[in-house]
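Notes for the one structure printed next.
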C-alpha cells in the first residue's frame, strides 16, 4: 500500500470518527415543573340554569418526558407523571376531589436542530385515567377515561453536548361526564394549559 493511500485512509478514518463523535444521541430525557391551569367550562347542571358552575383546582406538578429523534428535526415525545389530585368546586364551594393520570404522546418538529436555541412545535394524543373520585359525599361521580388531542410549542437551549434548558407550553383536551345519583348531570371540560420549565439530558 502506497504512502499516499495510507495517508488518505488515515484522513478518512479521522473524519468519520470526528463526525461520529459530533452526532447527538437520538434519546433526550427531560424533567420539568409544570403548572396546570384548567379552563373550567361545564354544561348547565341537569341541562338548565347557568353554565360553568363546576371548577377544578390548578396546581404545579412534576413531569418526566422521553423523546426519541427519528431525524434531527423530527421527534416523538412521551410525557409521564404520577396520578395528580385535584379539588372540585361548585359555585366556588369545594364538593370533593379526584385523581388523574394524563400520559401524552406527541410528534414534534424541531426548527433549528443544530443551533443552541432550538424551538419546536408538536401535536399528539392524550389519554387521561380518572380515579379516586370523591364528590358530594359519594353521591357524585366522573367518567373514568378521556381521550383527546394535544398541541404544544417550546424550545430547548443547549448548554453543552449533554445538557439543555427547556420551556414548554401544552394545551390538552380532557373531558368528563359528571354524574349525580347515577345520572349524568353535566359535561365538564377541563382542557388544561400546561406551562413547564425544566432541564434536558441527551444520553
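Residue numbers (my numbering): 552 to 754.
Even glycine gets a Cβ: it sits at the ideal position worked out from N, Cα and C.
All figures in this text were calculated on a predicted structure; none of them were measured in a lab.
Going by beta carbon distance, what residues of the same chain come within less than 6 Å of residue i, once the five residues before and after it are set aside?
| i | result |
| --- | --- |
| residue 577 | 619, 620 |
| residue 724 | 699, 700, 742 |
| residue 579 | 618, 751, 753 |
| residue 717 | 581, 707, 749, 751 |
| residue 652 | 634, 680 |
Between which two residues does the beta strand (DSSP E) holding residue i run?
| i | result |
| --- | --- |
| residue 610 | 610-622 |
| residue 693 | 691-693 |
| residue 686 | 668-686 |
| residue 655 | 655-661 |
| residue 741 | Looking at the DSSP string, residue 741 is not in any beta strand (DSSP E), and its letter there is neither H nor E. |
| residue 576 | It is not in any beta strand (DSSP E) - residue 576 carries neither H nor E in the DSSP assignment. |
Please classify residue i: is it buried, with 16 or more other beta-carbons within 10 angstroms of its beta-carbon, or exposed?
| i | result |
| --- | --- |
| residue 599 | exposed |
| residue 734 | exposed |
| residue 643 | exposed |
| residue 655 | buried |
| residue 679 | buried |
| residue 667 | exposed |
| residue 712 | exposed |
| residue 739 | buried |
| residue 758 | The structure shown does not extend to residue 758, since the chain is modelled only from 552 through 754, so no value can be given for it. |
| residue 683 | exposed |
| residue 605 | buried |
| residue 626 | buried |
| residue 747 | buried |
| residue 710 | exposed |
| residue 630 | buried |
| residue 673 | buried |
In terms of DSSP beta bridges, what is residue i paired with?
| i | result |
| --- | --- |
| residue 650 | 636, 682 |
| residue 596 | In the DSSP output, where bridge partners are listed per residue, residue 596 has none listed. |
| residue 628 | 618, 657 |
| residue 709 | 715 |
| residue 725 | Paired residue(s): none; residue 725 is not in a bridge. |
| residue 645 | 640 |
| residue 603 | Paired residue(s): none; residue 603 is not in a bridge. |
| residue 731 | 691, 734 |
| residue 590 | Residue 590 is not bridged to any residue. |
| residue 665 | Partner(s): none; residue 665 has no beta bridge. |
Could you name the residues of the same chain whose beta carbon sits closer than 7 Å to that of residue i, not counting the 5 residues immediately before and after it, in chain order?
| i | result |
| --- | --- |
| residue 690 | 731, 732 |
| residue 612 | 585, 587, 632, 635 |
| residue 573 | Residue placement at residue 573 is flagged as unreliable, the pLDDT there being 49, under the threshold of 50; the coordinate-derived value follows with that caveat. Nothing meets the Cβ criterion. |
| residue 608 | 637, 638 |
| residue 648 | 636, 637, 638, 639, 685 |
| residue 664 | 623, 624 |
Check whether the Cβ of residue i lies closer than 7 Å to any heavy atom of the ligand PLP, and answer yes or no.
| i | result |
| --- | --- |
| residue 615 | Although the ligand PLP was asked about, the structure shown includes no ligands whatsoever. |
Can you give me the Cβ contacts of residue i inside the same chain, cut-off strictly under 8 Å, excluding the 5 residues immediately before and after it?
| i | result |
| --- | --- |
| residue 601 | 595 |
| residue 693 | 649, 681, 684, 686, 727, 728, 729, 730, 739 |
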